[in-house]
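Comments concern the structure below.
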Amino acid sequence: MYKAFLIKYAEIAVKGKNRYLFEDALVANIERQLAEVDGSFQVRKESGRIYVETEGAYSYEETVEALQRVFGIVGICPVLLVEDEGFDALAERVLRYVDETYPDKHFTFKVDARRARKNYPMTSMELAAALGEKILEAFPETRVDVHHPQVMLHIEVRPQINIYSTEIPGPGGMPTGTAGRAMLLLSGGIDSPVAGYMIAKRGVTLEATYFHAPPYTSERAKQKVIDLAKKVARYSGPIRLRVVNFTDIQLCIYEKCPHEELTIIMRRYMMKIAEHFAEEGSCLGLVTGESIGQVASQTMQSLAVTNEVCHMPVYRPLIAMDKQEIVRIAEQIDTYETSILPFEDCCTIFVAKHPVTKPSAKHIRISETHLADRIDELVQTAIDTTETILVN
Numbered sequence: 048m049y050k051a052f053l054i055k056y057a058e059i060a061v062k063g064k065n066r067y068l069f070e071d072a073l074v075a076n077i078e079r080q081l082a083e084v085d086g087s088f089q090v091r092k093e094s095g096r097i098y099v100e101t102e103g104a105y106s107y108e109e110t111v112e113a114l115q116r117v118f119g120i121v122g123i124c125p126v127l128l129v130e131d132e133g134f135d136a137l138a139e140r141v142l143r144y145v146d147e148t149y150p151d152k153h154f155t156f157k158v159d160a161r162r163a164r165k166n167y168p169m170t171s172m173e174l175a176a177a178l179g180e181k182i183l184e185a186f187p188e189t190r191v192d193v194h195h196p197q198v199m200l201h202i203e204v205r206p207q208i209n210i211y212s213t214e215i216p217g218p219g220g221m222p223t224g225t226a227g228r229a230m231l232l233l234s235g236g237i238d239s240p241v242a243g244y245m246i247a248k249r250g251v252t253l254e255a256t257y258f259h260a261p262p263y264t265s266e267r268a269k270q271k272v273i274d275l276a277k278k279v280a281r282y283s284g285p286i287r288l289r290v291v292n293f294t295d296i297q298l299c300i301y302e303k304c305p306h307e308e309l310t311i312i313m314r315r316y317m318m319k320i321a322e323h324f325a326e327e328g329s330c331l332g333l334v335t336g337e338s339i340g341q342v343a344s345q346t347m348q349s350l351a352v353t354n355e356v357c358h359m360p361v362y363r364p365l366i367a368m369d370k371q372e373i374v375r376i377a378e379q380i381d382t383y384e385t386s387i388l389p390f391e392d393c394c395t396i397f398v399a400k401h402p403v404t405k406p407s408a409k410h411i412r413i414s415e416t417h418l419a420d421r422i423d424e425l426v427q428t429a430i431d432t433t434e435t436i437l438v439n
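Residues in the sequence shown are numbered from 48 upward in steps of one, following our numbering.
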């Protein structure tokens, strides 16, 4: 029955003179997602509304699923668009809509009518009352409930009249590409893909850096991270993933630094290398999946020591979440099952048995002096040999 979808957004509506930029970005992102769906679609803007219109056969379920991956959408409404041919023709079309949509007529309803086109001969209240009366006459099993209706029937008088009663929730947020770029430190764990998803939800375009440690981490561990990047990219758009060979740096740290400080020093060099690629990619910040107190390297003291080596801001969208909240989002975006595959990354291979939980920046800097004779060369080699993969 449905040949069009009315797309609702929220925050974009308050953007003032820049609103059209956000709308255009949303339209482009919708078109990108629908390019993967069988069917022909036209996306258009009209007076504060965005419509997706279909031509010919298409998959309703696949179309809705694709639209639910577009940040900036808060509601997806399968809508009938009908020409204004007078009240009687409209009433007939509304009755047919109700009859086809709701085979069981034992429900309460309310008609919500709005005149965006003020030259329509009936006011919003008059139109709602008249259509409500027609529904009650045609389907006496129904009842009106203006406070808690089971069916809210929307009638919007625009250049075409919109008829809809279903609003499928979208992901919310802001359209991807409206808030600059950021570099995600992506591992094979549960947290970092969720952090990438959440920062992309605020309109940020993602790049990513993964630290690989062959032969201690396998090619399957690398493929796992690529697969996670693909799942995030379904929402965020294409991600440029840099795979850094981190083995020699980790071995050097392991040989020359106190073992209880391994994780913190390793994290500091990861941040330095990620920041190098972030600057190269015109990013405005780094993104990590850290959450306060989750592990030894994520205490307040550890995060402060890690931050010390960064010039860019470090965004941590999961910072106040507990593990169950993070897992719930991971399951929602379909990264959880991939994240728990038993292929370890470099963070878990070289972990200390008794890591320091309250590191001192002064002591960490002293420990890092033991690396002075080799570390700059190793870092440069890691940068020079980095593999770049475009993930769609």
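Heads up, the beta-carbon is just placed ideally off N, CA and C, and yes, glycines get one too. Small disclaimer: the values here were computed from a predicted structure and weren't measured.
Opening and closing residue of the beta strand (DSSP E) in which residue i lies
i	result
Lys-277	Counting along the chain, Lys-277 falls outside any beta strand (DSSP E), though it belongs to the alpha helix (DSSP H) covering 266-283.
Ile-97	96-102
Val-290	286-292
Arg-91	87-93
Glu-434	434-438
Arg-249	Careful: Arg-249 lies outside any beta strand (DSSP E) and carries neither H nor E.
Ala-229	228-232
Spatial distance of residue i from residue j (CA atoms)
i	j	result
Asp-238	Leu-333	15 angstroms
Gly-328	Ala-367	28 angstroms
Asp-369	Ala-268	25 angstroms
Thr-264	Glu-391	6 angstroms
Pro-389	Lys-319	28 angstroms
Leu-127	Pro-364	39 angstroms
Ala-242	Gly-284	15 angstroms
Thr-225	His-306	43 angstroms
Thr-432	Arg-281	28 angstroms
Ala-443	Thr-382	The displayed coordinates of the chain run from 48 to 439. Any statement about residue 443 would go beyond what the structure contains.
Ala-57	Cys-304	51 angstroms
Met-221	His-417	46 angstroms
Glu-424	Ile-296	10 angstroms
Ile-215	Ser-87	21 angstroms
Gln-197	Asn-166	31 angstroms
Gly-217	Asn-292	38 angstroms
Arg-249	Val-426	32 angstroms
Tyr-107	Ile-123	12 angstroms
Ile-413	Thr-346	21 angstroms
Asp-131	Ala-177	16 angstroms
Val-358	Ala-60	For clarity, residue 358 is His in the given sequence; the question names Val instead. Cα-Cα distance, rounded: 34 angstroms.
Tyr-105	Thr-155	32 angstroms
Ile-376	Arg-228	22 angstroms
Sub-9 angstroms separation of residue i and residue j beta-carbons
i	j	result
Val-272	Val-290	yes
Val-361	Thr-335	yes
Arg-96	Arg-205	yes
Pro-125	Thr-213	yes
Phe-258	Ile-430	no
Phe-134	Met-169	yes
Val-356	Glu-326	no
Val-111	Arg-91	no
Lys-62	Leu-53	no
Ile-210	Val-342	no
His-195	Ala-160	no
Leu-288	Ile-436	yes
Phe-186	Lys-157	no
Arg-421	Cys-330	no
Lys-181	Ala-138	yes
Span of the alpha helix (DSSP H), counted from its first residue to its last, around residue i
i	result
Thr-353	347-354
Thr-213	Thr-213 -> no alpha helix (DSSP H), and no H or E assigned at all.
Tyr-257	No alpha helix (DSSP H) contains Tyr-257, which is instead part of the beta strand (DSSP E) from 252-259.
Thr-385	383-386
Lys-409	408-415
Ala-160	Premise fails: Ala-160 lies in the beta strand (DSSP E), 155-162, not in any alpha helix (DSSP H).
Phe-52	Run containing Phe-52: none in the alpha helix (DSSP H); it sits in the beta strand (DSSP E), 51-55.
Ala-1	Not covered by the structure: residue 1. The range shown for the chain is 48 to 439.
Closer than 9 angstroms to chain D by CB, residue i
i	result
Val-193	Of the protein chains in this structure there is only one, and it is not chain D.
Notebook entry, point to check: What are the uninterrupted segments assigned as alpha helix (DSSP H) that are 4 or more residues long and contained completely in the segment 113-149, given in chain order?
Noted result: 134-148
Checklist line | Stretch pair the segment 94-102 + the segment 221-234: three plus CB contacts closer than 8 angstroms | finding: no
Notebook entry, point to check: Given 8 angstroms as the limit, is there contact between the segment 402-415 and the segment 351-358, that is, 3 or more CB pairs closer than that?
Noted result: yes
Check: For the segment 177-225, which segments carrying the beta strand (DSSP E) assignment without a break, of at least 3 residues, lie completely within its bounds, in sequence order?
Finding: 198-204, 208-211
Notebook entry, point to check: Contact between the segment 78-90 and the segment 143-153: three or more CB pairs below 8 angstroms?
Noted result: These segments do not touch.
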